[in-house]
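One structure below.
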Amino acid sequence: MELNIYGYCINDNLEFRLSPALLVNVLNGNSIRLRKTMARLLCFLLENHEATIISDTAIMTEVFECHGLRCSRQRLWKAMNTLQLTLHKCGLSTNLLSRVDKCGFAFNEKNIKTLFFYSA
């Protein structure tokens, strides 16, 4: 049996499932399917949630440029705002991330768990 990442649990009520990329509020059943870039953004942020600061450069490179997309700081800001709005629509009551010194983002929410499953 192999251990694989199923997704992430945020604040005990919101799940981000990797495949398909889906946000699910486990308390009320609300769900939102994420597009590829938004799913990559949320996944990258959650993978790095223990970092003190997740730099703009790292996000722009890993989420956008490594996938053939161009990214400016304005585009990143817009994507982060859209992500925060999507999380709120699905039921997250607090801001997941905060802007840090115009150079990156830090997690406000510390209650993040990785969810796993076993495959044969």
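Residue numbers for the sequence shown follow the working numbering, so the first one is 378 and each next one is one higher. From the three backbone atoms N, C-alpha and C, an ideal C-beta is built for every residue, glycine too.
Under the criterion of beta carbons closer than 8 angstroms, I409 and A483 do not qualify as touching, at roughly 24 angstroms.
Comparing alpha-carbon positions, the option among F494, I382, V403, L395 lying closest to R412 turns out to be L395. T491: member of the beta strand (DSSP E) spanning 489 to 496, first to last residue.
Between L462 and L473, the gap from beta carbon to beta carbon reaches 8 angstroms or more. Within the model, the alpha-carbon separation for E392 versus T414 is close to 18 angstroms. Secondary structure at R410: strand, using DSSP grouped into helix, strand and coil. Excluding the 5 residues flanking it on each side, R476 has same chain C-beta neighbours closer than 7 angstroms at F482, in chain order. Within the DSSP secondary-structure output, Y385 pairs in a beta bridge with F393, T491.
Secondary structure note for A483: its beta strand (DSSP E) is the uninterrupted segment 481 to 484. Counting only the Cα atoms, E442 lies some 27 angstroms from I387. Residue nearest to E427 within the set I489, S496, Y495, F494 is I489 (criterion: CA-CA distance). According to DSSP, L453 shares a beta bridge with no other residue.
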